[in-house]
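Worksheet for the structure shown next.
Protein chains: 2
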Amino acid sequence: MTMKAFQDYYSENFASCFGCGRLNEHGLHIKSYWDGEESVCRFKPKHYHTGGFPGNVYGGLIASLMDCHGAGTAYAATYLKNGSKTDTDPASRYVTAALHVDYLAPTPMNETLELRGKVKEIRGRKVIVSMTLSVKETVCAKGELVMVRISEESLSE
Amino acid sequence: MTMKAFQDYYSENFASCFGCGRLNEHGLHIKSYWDGEESVCRFKPKHYHTGGFPGNVYGGLIASLMDCHGAGTAYAATYLKNGSKTDTDPASRYVTAALHVDYLAPTPMNETLELRGKVKEIRGRKVIVSMTLSVKETVCAKGELVMVRISEESLSE
Numbered sequence: 055m056t057m058k059a060f061q062d063y064y065s066e067n068f069a070s071c072f073g074c075g076r077l078n079e080h081g082l083h084i085k086s087y088w089d090g091e092e093s094v095c096r097f098k099p100k101h102y103h104t105g106g107f108p109g110n111v112y113g114g115l116i117a118s119l120m121d122c123h124g125a126g127t128a129y130a131a132t133y134l135k136n137g138s139k140t141d142t143d144p145a146s147r148y149v150t151a152a153l154h155v156d157y158l159a160p161t162p163m164n165e166t167l168e169l170r171g172k173v174k175e176i177r178g179r180k181v182i183v184s185m186t187l188s189v190k191e192t193v194c195a196k197g198e199l200v201m202v203r204i205s206e207e208s209l210s211e
Numbered sequence: 055m056t057m058k059a060f061q062d063y064y065s066e067n068f069a070s071c072f073g074c075g076r077l078n079e080h081g082l083h084i085k086s087y088w089d090g091e092e093s094v095c096r097f098k099p100k101h102y103h104t105g106g107f108p109g110n111v112y113g114g115l116i117a118s119l120m121d122c123h124g125a126g127t128a129y130a131a132t133y134l135k136n137g138s139k140t141d142t143d144p145a146s147r148y149v150t151a152a153l154h155v156d157y158l159a160p161t162p163m164n165e166t167l168e169l170r171g172k173v174k175e176i177r178g179r180k181v182i183v184s185m186t187l188s189v190k191e192t193v194c195a196k197g198e199l200v201m202v203r204i205s206e207e208s209l210s211e
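The listed protein sequences derive, respectively, from chains A and B. Numbered according to this note's numbering, the first sequence spans residues 55 to 211. Numbered according to this note's numbering, the second sequence spans residues 55 to 211.
Structural data, given as structure tokens:
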């Protein structure tokens, strides 16, 4: 049995995100899971995801992965328990209010990137998620995201 | 005569960035120019650059555009004058040390996004760039970037 990722629970109308939507044919299709208290997402960049220097990963990809993994983590922290849905308000999603990334070291190409998220705070409709992006044992970037819960209804307006 | 963009001056070895490298076949190829004291970049997202909700642009794309336009602005602020190179240290590039994005309003699809950058501070090897991303008259996101100058030599190490 394959474990479902956070993004596999997104409802069909809201599964079109370039970064994490399973229905976006051209997208990155990132997948996030719980690993104890942390959320984890592993992603292997494509050969063309290079930055200014060909041997390093493009900084925009790193921000993009953090954005979508952060949204998934906020969703899972409030709506998923142990890989299955809770029954409270399932028709909600998180959007990013703020994203901060510190680039600490060049991120090498041809490696699997590991993102690890931690829920720092849940306050009302806001979830604060902190994050690292590592290659093997090296933390290449750190991030912090402010996610805000909105109902799917308000997204459709 | 077509005016050259900031990115057209990047040396060949460092023009492979997915966001702004003219030699990346799969990339976004953003182009940045001066408009008085501000740097400007206009970009029309592809149909697949959607966020969780299909009518809005993917937040990761917004962060990516800011990242590359910020790097271009820092480069141009120190090495380009009126669309031509200065002769001081041309073999340097800027990398992103920190990126902060505040998402203020949904960014609609099927529109041209306009990014405007301003150099807030130049201090030693650091350039701080502030930025807006607008659709027509609406500012959809604001950003601030800390860019750090490095020599191409150190990138190759």
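The C-beta atom is built at its ideal place from N, Cα and C for all residues, glycine as well.
> Using a C-beta to C-beta distance shorter than 8 Å, which residues of chain A count as neighbours of residue 102 (chain B)?
Replying inline: Result: 72, 78, 79, 80, 81.
>> Please state whether the Cβ-Cβ distance between residue 104 (chain B) and residue 78 (chain A) is less than 8 Å.
In response: With a cutoff of 8 Å on beta-carbon distance, residue 104 (chain B) and residue 78 (chain A) are scored as near each other.
>> Using a Cβ-Cβ distance cut-off of 8 Å, determine whether residue 118 (chain B) contacts chain A.
In response: Residue 118 (chain B) counts as touching chain A.
> For the region 160 to 182 of chain A, which residues have a CB atom closer than 7 Å to at least one CB atom of chain B, in sequence order?
Replying inline: Against chain B - using a Cβ distance shorter than 7 Å - the region 160 to 182 of chain A contributes no residues.
> How about the region 187 to 207 of chain A and the region 69 to 87 of chain A: do they share at least three Cβ pairs that are nearer than 8 Å?
Replying inline: Pairwise C-beta distances place the region 187 to 207 of chain A out of contact with the region 69 to 87 of chain A, as fewer than three of them are shorter than 8 Å.
>> Bridge partners for residue 172 (chain A) per DSSP, in chain order?
In response: Looking at the DSSP assignment, residue 172 (chain A) forms a beta bridge with A:184.
>> Given this structure, state the Cα-to-Cα distance separating residue 153 (chain B) from residue 171 (chain B), to the nearest angstrom.
In response: Cα-Cα distance, rounded: 13 Å.
> Using 8 Å as the limit for Cβ to Cβ distance, is residue 122 (chain B) near chain A?
Replying inline: Yes, its Cβ sits closer than 8 Å to a Cβ of chain A.
> So what does DSSP say about residue 86 (chain B), is it helix, strand or coil?
Replying inline: If DSSP states are grouped into helix, strand and coil, residue 86 (chain B) belongs with the strands.
>> Below 8 Å on the Cβ atoms is my contact criterion, and I expect residue 161 (chain A) with residue 187 (chain A) to pass it. Report the Cβ-Cβ distance as a whole number of Å.
In response: Contact between residue 161 (chain A) and residue 187 (chain A) is confirmed by a C-beta separation of about 7 Å, below the 8 Å threshold.
> Are residue 127 (chain B) and residue 173 (chain B) closer than 8 Å when you measure CB to CB?
Replying inline: Against a cut-off of 8 Å, the Cβ pair of residue 173 (chain B) and residue 127 (chain B) comes out as a contact.
> Measuring CB to CB, does residue 169 (chain A) end up less than 8 Å from residue 120 (chain A)?
Replying inline: Contact: yes.
>> Let me check understanding here. Comparing Cα to Cα, which of A:180, A:204, A:185, A:85 lies closest to residue 91 (chain A)?
In response: Out of A:180, A:204, A:185, A:85, A:185 has the C-alpha closest to the C-alpha of residue 91 (chain A).
> Would you report the Cα separation of residue 101 (chain B) and residue 81 (chain A), rounded to the nearest angstrom?
Replying inline: Each residue's alpha carbon lies about 11 Å from the other.
>> Between which residues of its own chain and residue 179 (chain B) is the CB-CB distance below 8 Å, once the five residues before and five after are set aside?
In response: If we look at residue 179 (chain B) and ignore the five residues flanking it on each side, its Cβ neighbours are 202, 203, 204.
> Which residues in the same chain have their Cβ closer than 7 Å to the Cβ of residue 129 (chain B), if we skip the five residues on either side of it in sequence?
Replying inline: Once the five neighbours on either side are set aside, the close Cβ partners of residue 129 (chain B) are 60, 147, 148.
> Given residue 189 (chain B), which residues of its chain have a CB within under 8 Å of its CB, disregarding the five upstream and five downstream residues?
Replying inline: The answer, listed in chain order, is 161, 162, 165, 166, 167, 168.
>> Let me check understanding here. Comparing Cα to Cα, which of A:112, A:122, A:113 lies closest to residue 95 (chain A)?
In response: When C-alpha distances from residue 95 (chain A) are compared across A:112, A:122, A:113, the shortest belongs to A:122.
>> Runs of 4 residues minimum, wholly inside the region 104 to 158 of chain A: which ones carry the alpha helix (DSSP H) assignment?
In response: Correct list: 113 to 133.
> Using DSSP with H/G/I as helix, E/B as strand and the rest coil, what is residue 198 (chain B)?
Replying inline: Here residue 198 (chain B) sits in strand by DSSP.
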